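Peer 1: Sharing a structure with you now.
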Amino acid sequence: MAISVQRLAKRRKVDINSFQIRVTGHKGLTLPAHFASYELELSRGVHPDIEIAQLLLKDAKKICTIGNSVSGTFELTLES
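All letters in the sequence shown, in the order written, are residues 1 to 80 by the UniProt record's numbering.
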């Protein structure tokens with residue numbers, strides 16, 4: 001996801017700041033053992049404009065190879 005955010009910013013010629021992505025996985029209740037859902041939180045400082053930051057996060061999810069290969073649901077948020 002981090003690489004996807006960086007690629008989108010570069011492609012769109014948007015300057016971004018250093019950032020972190022916090023990932024929390026939630027284990028499924030049935031067998032076999034698996035992650036049923038994930039929370040991804042992008043650090044707020046990635047861009048001063050909150051709308052641009054949210055758009056980068058949303059669009060990065062669409063092109064993320066790993067995110068698109070993993071089963072489960074994803075909740076995307078921008079750090080408060």
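C-beta atoms are modelled at their ideal positions from N, C-alpha and C, and glycine is treated no differently. All values derive from a computational prediction rather than experimental measurement.
Comparing C-alpha positions only, which one of I16, L42, G25 sits nearest to H34?
Peer 2: G25
Peer 1: S18 lies in the beta strand (DSSP E); which residues open and close that run?
Peer 2: Neither: S18 is in no beta strand (DSSP E) and is coded neither H nor E.
Peer 1: Round the Cβ separation of F74 and K61 to the nearest angstrom and send it over; I've been treating them as touching at under 8 Å.
Peer 2: 6 Å
Peer 1: Just to check my reading of the structure: L56 and V5 have Cβ atoms closer than 8 Å, yes? What is that Cβ distance to the nearest angstrom?
Peer 2: That belief holds up - the Cβ atoms of L56 and V5 are roughly 5 Å apart, short of 8 Å.
Peer 1: Since L78 contacts A53 with CB under 8 Å, what's their CB separation in whole angstroms?
Peer 2: 6 Å
Peer 1: From residue 91 to L31, what distance separates their C-alpha atoms?
Peer 2: Lying before the first or after the last residue shown, residue 91 is absent from the chain, which here runs from 1 to 80.
Peer 1: Grab me the residues of I21's own chain with a C-beta within less than 8 Å of its C-beta, minus the 5 sequence neighbours each way, in chain order.
Peer 2: M1, A2, V5, L40, E41, L42, S43
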